[in-house]
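Below is one structure; the comments refer to it alone.
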Amino acid sequence: MLLDKARFSRGQAAIFDGIMFLLFTSISVALVFVFLNGYGISQDDAMRSSYVLAYIQDVSKVLFFVDVSTLRDAANSSTPALNAEAIYLDPGAGITTACSPSNGVGCPYWDLSYGNADDQCSVLNQYFYTTVADLVKRDLSDSDVNTTVIIPGSGGNTGVDPSGLVKLDNYFGVASGVGTPPRAHGKTALRCALKELLKPIQLAGYYYFVEIVNPTPYEHSIPIPGRQITNYWRANPDASGNGGYHSCEDAMNYTTGGYVSGAARREFKILSVSMPFRVPRQETMQDMRNFMLRICIWPGKT
Amino acid sequence: MKRGDIGPISDDIPSIFPIVFGVLLFMGTAMYSAQRIDERNEYLDLRKSLVGLSYVALNKGYISDAEFDAQCTSQYADYADRRRVNFVVSLKKFCRFVSFDQSISSVFSTATNYGVDACNETNPNCIDSAYARTGKLCPNPPPSVTTRGVSSQIGPANLPPNFQMLNFPISVQCTRDATVKGPGMTSIVIWR
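Chains as they are written, first to last, in numbering that gives the first Met the number 0: chain A, 0 to 301; chain B, 0 to 191.
Structure, rendered in structure tokens:
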């Protein structure tokens with residue numbers, strides 16, 4: 000009787016071993032699949048980031064070679080089906096219908112075709128053998144001079160701005176005895192160039208914002224209503240010069256109610272590329288100011 | 000051997016089934032995962048080669064016609080040889096605006112879509128009527144690939160299953176004397 004019981008227990012132990020082996024195997028297989036699922040994902044992400052980074056760096060290099068006159072047709076550059084900027088929708092902001100050239104709301108590039116003549120890409124037709132970077136530097140070279148600018152928050156009024164901001168404003172210094180300063184359409188050139196060069200980024204669903212920064216003391220470009228260098232219409236200040244993005248950081252500060260300085264930062268993955276951008280001073284045209292050109296992009300969600 | 004027999008071997012027989020099943024499951028998983036890892040490694044290696052070739056091709060923001068031709072036979076081909084990959088580098092000289100209104104087939108040809116730009120007397124925006132702004136290809140003609148036993152020049156109809164492609168902006172020569180440079184686009188296609 001005792002012997003029979005022992006024999007029965009032995010058979011039970013054997014089947015128990017088999018089931019335990021199967022259990023361990025199943026756990027191992029599950030772990031292998033978990034590993035397999037994540038294998039190479041981070042490397043792939045790194046590769047994709049390196050591509051986007053290389054692309055943005057290429058854009059900044061290209062600015063030093065492209066002749067501004069070749070950008071004169073940039074605003075008319077696509078068939079309607081591909082003209083993403085003309086059918087830009089922003090449901091998060093209540094813009095659910097395609098933008099119309101009659102008002103320009105929701106159309107970040109509206110003024111490149113329909114706005115003020117100085118904002119249209121066609122104005123670049125007058126510059127020959129001038130690169131985009133050359134024209135931008137000419138535009139910026141008066142940053143130490145009290146030029147006539149649109150005063151931020153003044154309802155679009157112009158006036159002499161003495162604060163020595165980074166004056167990427169399409170003006171070149173002050174014309175002595177003349178009401179209107181001479182023009183250097185650096186900002187328009189930069190807007191038209193980036194509209195073209197960042198097309199794949201935009202069509203992939205990203206927003207971009209480009210700025211010229213003076214690192215010491217830290218200053219941004221003057222925000223001008225409707226004229227920020229961006230494909231995101233919210234980044235533009237309103238007609239009174241209020242709101243809008245002043246820098247790349249503002250993309251993280253934006254709330255659904257509008258731009259709020261110091262608001263809780265949203266979790267945008269912003270990719271930013273900066274490059275030195277040395278600009279001669281207008282008074283002397285000798286010593287240089289060490290500005291920086293900064294391009295940042297982030298996923299297009301609101 | 001009787002049913003329910005207890006002996007040196009016979010009582011272990013029932014446990015053989017889960018053990019064999021477990022071994023098969025594990026070996027199958029190991030083989031499948033090895034295959035997936037190989038595929039992933041191959042993809043990542045191709046991707047790395049593609050990004051590497053883009054660094055070679057776009058070392059500065061401008062490339063002239065002569066530079067493109069010279070680099071094609073030296074730098075691009077050398078790099079591709081070292082990485083054991085096949086490649087096509089396509090240069091589109093838009094010169095006015097970047098147009099994506101074209102099919103993938105245009106990547107493998109020198110044709111460039113200029114939109115309404117036609118260099119004739121009625122178009123005052125024409126930059127240089129004497130200079131043909133066709134695109135450039137490296138190598139030209141593109142290499143052949145074999146699909147379903149048929150060898151033919153690579154194109155949209157016979158793209159290899161593991162091909163990868165990236166686009167980059169670049170400034171290009173828009174006049175014969177290269178005094179005017181305009182926006183262009185480089186497409187790099189790679190496969191193994």
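Where is the CB? At the ideal position from N, CA and C, for every residue including glycine.
Asked, Found
"Beta-carbon within less than 8 Å of phenylalanine 162 of chain B's beta-carbon, same chain only, minus the 5 sequence neighbours each way: which residues are those?", "Val188, Ile189 and Trp190"
"Going along chain A, which residues have a C-beta under 8 Å from threonine 178 of chain B?", "Tyr128"
"With distances taken between CB atoms, is the gap from alanine 188 of chain A to leucine 292 of chain A smaller than 9 Å?", "no"
"For threonine 69 of chain A, which three-state DSSP category applies?", "helix"
"Since cysteine 295 of chain A sits in a beta bridge, which residues does DSSP pair it with?", "A/Phe208 and A/Ser271"
"Please tell me whether valine 50 of chain B and methionine 46 of chain A are closer than 9 Å, where the distance is taken between their beta carbons.", "yes"
"Measure from the C-beta of threonine 28 of chain B to each C-beta in chain A and report whether the shortest distance is under 9 Å.", "yes"
"Does the separation of the CB atoms of serine 63 of chain B and valine 171 of chain B fall below 9 Å?", "yes"
"Which residues does DSSP list as the beta-bridge partners of serine 151 of chain B?", "B/Val144"
"Output the boundary residues of the beta strand (DSSP E) element that contains leucine 172 of chain B.", "With the sequence shown as reference, residue 172 of chain B is identified as glutamine, and leucine is not the correct amino acid for it. It spans 163-172 - the beta strand (DSSP E) in which glutamine 172 of chain B sits, taken as one unbroken run."
"Mind checking if phenylalanine 276 of chain A is an interface residue toward chain B, Cβ cutoff 9 Å exclusive?", "no"
"Per DSSP, what kind of secondary structure is aspartate 94 of chain B in: helix, strand or coil?", "What sits at residue 94 of chain B in the sequence shown is cysteine, not aspartate. Coil, per DSSP."
"Between the alpha carbons of isoleucine 273 of chain B and tyrosine 42 of chain B, how many angstroms are there, rounded?", "With chain B running from 0 to 191 in the structure shown, residue 273 of chain B is simply not present."
"What residue from B/Ser186, B/Cys173, B/Ala177 and B/Asp11 has the CA that sits closest to phenylalanine 93 of chain B's CA?", "B/Cys173"
"Should serine 140 of chain A and arginine 226 of chain A be called a contact, given that it needs their Cβ atoms to be closer than 9 Å?", "no"
"I need the DSSP call for asparagine 58 of chain B, collapsed to helix, strand or coil.", "coil"
"Using 8 Å as the Cβ pair cut-off and three pairs as the minimum, do the region 66-80 of chain B and the region 42-57 of chain A touch?", "no"
"Please compile the residues from chain B whose C-beta is within a distance smaller than 7 Å of the C-beta of valine 272 of chain A.", "What valine 272 of chain A touches in chain B: nothing, since even the nearest Cβ is about 13 Å away."
"Is there a C-beta anywhere in chain B that falls below 9 Å from the one on glutamine 42 of chain A?", "yes"
"Just the Cα atoms here: how many angstroms apart are valine 278 of chain A and aspartate 138 of chain A?", "9 Å"
"Would you say leucine 165 of chain B touches the ligand ADP, meaning its beta carbon is less than 8 Å from a heavy atom?", "The ligand ADP is absent from the structure shown, which contains no ligands of any kind."
"Going by DSSP, what residue range makes up the beta strand (DSSP E) through proline 159 of chain B?", "Unbroken run through proline 159 of chain B: none, as it is neither H nor E."
"Reducing DSSP to helix, strand and coil, say where valine 88 of chain B ends up.", "strand"
"Report, in whole angstroms, the separation of the C-beta atoms of phenylalanine 67 of chain B and valine 87 of chain B, which I expect to be a contact under 8 Å.", "Between valine 87 of chain B and phenylalanine 67 of chain B the Cβ distance is about 13 Å, and since that is not below 8 Å, they are no contact."
"Just reading off the alpha helix (DSSP H) that glycine 183 of chain B is part of, what are its end residues?", "First-last for glycine 183 of chain B: 180-190, but that is the beta strand (DSSP E), not the alpha helix (DSSP H)."
"Starting from cysteine 173 of chain B, find everything on chain A with Cβ-Cβ shorter than 9 Å and list it in chain order.", "Asp66 and Thr69"
"Could you tell me whether the Cβ atoms of glycine 204 of chain A and valine 135 of chain A are closer together than 9 Å?", "no"
"Tell me leucine 136 of chain B's beta-bridge partners as DSSP assigns them.", "B/Ser89"
"Under a CB-based cut-off of 9 Å, is serine 302 of chain A close to chain B?", "In the structure as shown, chain A starts at 0 and stops at 301, and residue 302 of chain A therefore has no counterpart that could be examined."
"Could you check what DSSP says for tyrosine 170 of chain A in three-state terms: helix, strand or coil?", "strand"
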